[in-house]
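Take a look at the structure set out below.
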Amino acid sequence: MSEDTAHGQPGAELATLDQERYPVPDPGLEPHLPRLTDVDERAANRATRQVATFFGLVPILCIGFVVVYFAVPGDAWVDFGPLRANSRNLLLGLTFGLALLFLGVGAVHWARKLMDDQEKIDYRHSAASSDADKNYMLTELDKVVDESRLTRRKVIGRSLIAALATILLPMIVGLADLGPWPTKKKRAETIERTIWAPGIRVVNDVTFQPIKPENIEVGQLINGEPANLQDLEGAEFQIEKAKSAVIVVRMDPNTITIPPSRQNWQIGGILCYSKICTHVGCPISLWEQQTHHLLCPCHQSTFDLGNSGVVVFGPAARALPQLPIALDAEGYIVAQRDFLVPVGPSFFERDSRNDFKEGDT
Amino acid sequence: MAQPAATVPDDSSVQPVTPQKELGPVFKAASGPTKWLDDRIGLAGLGRPFLRKVFPDHWSFLLGEIALYSFVVLILSGIFLTIWFKPSMSEIEYQGSYELLRGLRMSEAYASTLGLSFDIRGGLLLRQMHHWAAAVFIAAMLTHSLRIFFTGAFRKPREINWLIGVAMLTLGLIEGFAGYSLPDDLLSGTGLRFVDGLIRAIPLIGTWAEFFTFAGEFPGSLIIPRLYMVHILLVPALLLGLIAAHLALVVYHKHTQYPGPGRVQGNVVGYPVFPVYAAKAGGFFLIVFGVLTLMGATMQINPVWVFGPYNPAEITAGSQPDWYMGFVEGGIRIMPNWEWHIGSTTWSWNVAIPGLGLMGLFFGLMAIYPFVEAWVTGDKSEHHLLDRPRNNPTRTAFGVAAMTGYAMLWIGGGNDLVATQFHVSLNSVTYFLRVAVFVAPVLAFLVTKRICIGLQRADRDRMLHGAESGVIDRAPSGKYAERHRAISQGEAFKLTQHPDQPALLPLTDVDGMSVKEIKSEQRRRKATRFYFIDTLRRPTRAELEEAAEHHMHPMAIEGDGEHHAIEPEPEEEHHLAK
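Line by line, the protein sequences are chains P and E. The working numbering puts the first sequence at residues 15 to 375. The working numbering puts the second sequence at residues 7 to 584.
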């Protein structure tokens, strides 16, 4: 990096340009003013003691850290009025943090008060290389090309480019197993279906108890899952849970609109909807009992459960899919079938224009 | 006066000197292990250009340092965390020491995060330091980029370094998001669910991208191990490489400096790396490290045990991403629910535009700006002196407009909290922001530009009328006027050193130019008028001399007093050139 020598006079080319440009001549750097510590030996001694004190506290704090590490139990707490802190976390952090801080403050204090504070000047050079360097490179590169015989035997260059381009192919194709391919068949088996099926009971999502209509009051909302979710575990369980979650809600039948096509999807004002937002798939959970609106806490899409789950506000574009329900022989709520449309966010390959909209029958 | 730093003379002129022991302790040491190293790697030659290299000093140059140091803290604390964290989605029953979750089924990732928080001594401290350092890292990068932008430090020859910075900011967001998703608690799982929806909304390839990212349907069992690889290997390696290039270019170009007496294009004035800069920068690293440790000790962040393990059927109200994703979140929230249907396909613009378009727009605009400005000015020269933001009102106004748009989106990311905290309707907040995100930046642009021009006028006043002395004179006629005194030459130099940017009139002489060239040049000239037509021209040397002659006389001259107070402004010439 000995660029200082590369262009003759340091900074000359830039310096001359500057002189023409300035309406006020450059008076040059302001004279250096001595600090108190430069002229007063007592002040300098004081600063020295301060720096040494900062440095001297560091070993003490580090030993404190070790003591805390071994001595303070993990279940001790300190109370600060309404705030509560874990003693070990707090003391480990305070000792180590202050040690670092004092080490840093000591170094900066030393630099500011005691080290020579004369500013120095470096000269700049153009970022471009010198003409000599450029000429050398261009001439030599020319020779390089010539020596490689590339200009005379062009087919080497062309085949090399083709070879380099195709060598990427195995690297890219090697990633094709990142995941299963969402072909039409695969989509039908995965994102377009859930484990809801005829006769599957709707169960409470925490206790897995089946639900009877008489256990739901008007205005009440229950988070449900299909009873057969319990048969799954691990990743499969999570995947199906992420799609099959439903909400069962009971509303006064006289205050809601049920289109003719969905009259037999409900049981006396008890309706069941997908809990998965059609926007980006958050589970929707904020229930406004009086308005029958269900609000997604992620992005505030709002659906009207009293009107077939249509979107009344927010960025979601499609109504919440409704699950047709009925009662089984024992009087528990069951699904009539799977959802008619896929749950969750829209995806490219499926035309969702015929999903339920406000005003449909 | 400052002295020129020792420059490196021609190698030929340096005579080999035999170190003499009485020269100092360093020479003594140099005969030992240092000599051994020098014999093998040429240590003295390597270190020579750097030992006394000069760096200028200014508080605003510390922003980038904070970003660098918090990245170092991220690596150190991150290594500690990887020792215990298990990036696995296998389900286990929690049997650790946090009683409220004992017996619950959860992923190993979440269980090991709880283990780090409760069972590993210092684990919680390091977890919290890591999370705080991430928040500070991105905040520091962003404010550092604002400093670069407003002072014009992105101009030639530093455009590449600006682009590297934009790339690092982008990678920082990805890195932060990947890390946020690893603990597999309810909040991070909800974030992943959102990403799943976001990826699915990509036109044409969305479903494929989703299946490839999650190895099938959401959530699957591979996303956390994959994000772990991204978080601890892929992105950090890229960031390290870019940081190395970023710093190497800073060294090569030498740091920019603020203008001032003796601080000009051709030089750089400051402290040498050793000893002052090393002590200050090294000390500052330890201060940043120390403050982040104290934050980890005293300020709770991401208490995953409160959220519980991820459950795809649950969510908490007020779910928020980390602060730096807030603007994307806001875009998603305030976007109208547009969805297209073409043929048998669905185009989810309600997610794709704010989710992907916004980040593309944000980083895209940042990346192209230096080239747009260079095209407008037609300036091919190097710039090592920083602009005072007021001296380029249009650039400054663009910057503030972008910040304002960002702020509107960011507020949108918390529209539910705004609604509940201020007792306003959530719908009104959303509708307001849908308009404000377009209108507020325009207003901010206009206001900022006027403020900059006002500040330029104040500078001009100071140069032509002098500084207010605080001394009021009363003329025999009874008029009062304040005595002004000339400003120092140093200050006058600082206020006038920037080059004037001409606003160009349309081209009239078009001989020998093709239609395309003429069109392009006319467009450029129009752009210069947009940029510079109402920028104040700085006073010429003649004007300054005349002003000094005319205005700076002491008030002792009878009858001359009033004209400081009431004389109309000299006509402001807007700098229109041919």
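The beta carbon of each residue, even a glycine, is placed where N, CA and C say it ideally should be.
Nonlocal neighbours in the same chain, by C-beta distance under 6 Å from residue 486 (chain E), ignoring five residues either side: 478, 480, listed in sequence order.
Cβ-Cβ separation, residue 503 (chain E) to residue 265 (chain E) (assumed contact under 8 Å), whole Å: Right, the Cβ-Cβ distance comes to about 5 Å (below 8 Å), so this counts as a contact.
Beta-carbon proximity of residue 542 (chain E) to residue 462 (chain E), cut-off 8 Å: yes
Local Cβ density within 10 Å of residue 563 (chain E), reported as buried at 16 or more and exposed below that: Low per-residue confidence applies at residue 563 (chain E): pLDDT is 40, beneath 50, and the placement is therefore not dependable enough to give any value.
Check whether residue 340 (chain E) and residue 418 (chain E) have beta carbons under 8 Å apart: yes
C-alpha distance - residue 225 (chain P) paired with residue 183 (chain P), whole-angstrom precision: Here the alpha carbon of residue 225 (chain P) sits roughly 56 Å from the alpha carbon of residue 183 (chain P).
Reduced DSSP category for residue 210 (chain P) - H, G, I as helix; E, B as strand; rest coil: coil
Contact under 8 Å by Cβ, residue 348 (chain P) with residue 339 (chain P): Result yes, Cβ atoms of residue 348 (chain P) and residue 339 (chain P) sit closer than 8 Å.
Partner residues on chain E for residue 124 (chain P), Cβ-Cβ distance less than 7 Å: Within chain E, the residues near residue 124 (chain P) are 285.
Residues bridged to residue 285 (chain P) (per DSSP): Answer by DSSP bridge pairing, in chain order: P:263.
Partner residues on chain E for residue 204 (chain P), Cβ-Cβ distance less than 9 Å: Correct list: 217, 222, 223.
Contact set between residue 503 (chain E) and chain P, taken where Cβ atoms lie within less than 7 Å: 36
Whole-angstrom C-beta distance between residue 190 (chain E) and residue 230 (chain E), which should lie under 8 Å: 6 Å
DSSP-derived helix/strand/coil call for residue 352 (chain E): strand
8 Å Cβ shell around residue 364 (chain E) - same chain, five flanking residues per side excluded: 333, 334, 337, 415
Chain P contact for residue 299 (chain E) (CB, 8 Å cutoff): By this cut-off, residue 299 (chain E) is an interface position.
Cutoff 8 Å: residue 138 (chain P) Cβ touching any chain E Cβ: For residue 138 (chain P), a Cβ of chain E is located within less than 8 Å of the residue's own Cβ.
Residue range of the alpha helix (DSSP H) that includes residue 83 (chain E): First-last of the alpha helix (DSSP H) with residue 83 (chain E): 68-88.
Minimum length 4: unbroken alpha helix (DSSP H) runs contained in the stretch 465-507 of chain E: 495-502
Neighbour-count burial assignment, residue 76 (chain E), 16 or more Cβ in a 10 Å radius: buried
Beta-bridge partners of residue 278 (chain E), as assigned by DSSP: E:60
Segment limits, alpha helix (DSSP H) that includes residue 308 (chain P): Element bounds for residue 308 (chain P): not the alpha helix (DSSP H) but the beta strand (DSSP E), 307-309.
Residue interval of the alpha helix (DSSP H) (run including residue 370 (chain P)): No alpha helix (DSSP H) contains residue 370 (chain P), which DSSP labels as neither H nor E.
Spatial distance of residue 383 (chain E) from residue 171 (chain E) (CA atoms): 23 Å
Chain E residues whose Cβ lies nearer than 8 Å to that of residue 302 (chain P): Near residue 302 (chain P) there are no residues of chain E at all, since even the closest Cβ is about 11 Å away, more than 8 Å.
7 Å Cβ cut-off: residues of chain E touching residue 196 (chain P): 213, 214, 217
Contact under 8 Å by Cβ, residue 352 (chain E) with residue 361 (chain P): yes
Which of helix, strand or coil DSSP assigns to residue 54 (chain E): Residue state, collapsed to three classes: helix.
8 Å Cβ cutoff, residue 444 (chain E) in contact with chain P: no
Rounded straight-line distance, which links the Cα of residue 523 (chain E) to that of residue 185 (chain P): 44 Å
Helix, strand or coil at residue 587 (chain E) according to DSSP, with G and I counted as helix: Since the first residue shown for chain E is 7 and the last is 584, residue 587 (chain E) is missing from the structure and cannot be characterised.
Terminal residues of the alpha helix (DSSP H) in which residue 45 (chain E) lies: 39-47
Inter-stretch contact at 8 Å, needing at least 3 Cβ pairs: the stretch 396-405 of chain E / the stretch 431-444 of chain E: no
Residues of its chain near residue 113 (chain P), where Cβ-Cβ distance is below 6 Å and the 5 sequence neighbours each way are ignored: 72, 75, 76
Backbone secondary structure at residue 263 (chain E) - three-state DSSP: strand
DSSP three-state assignment for residue 227 (chain E), whether helix, strand or coil: coil
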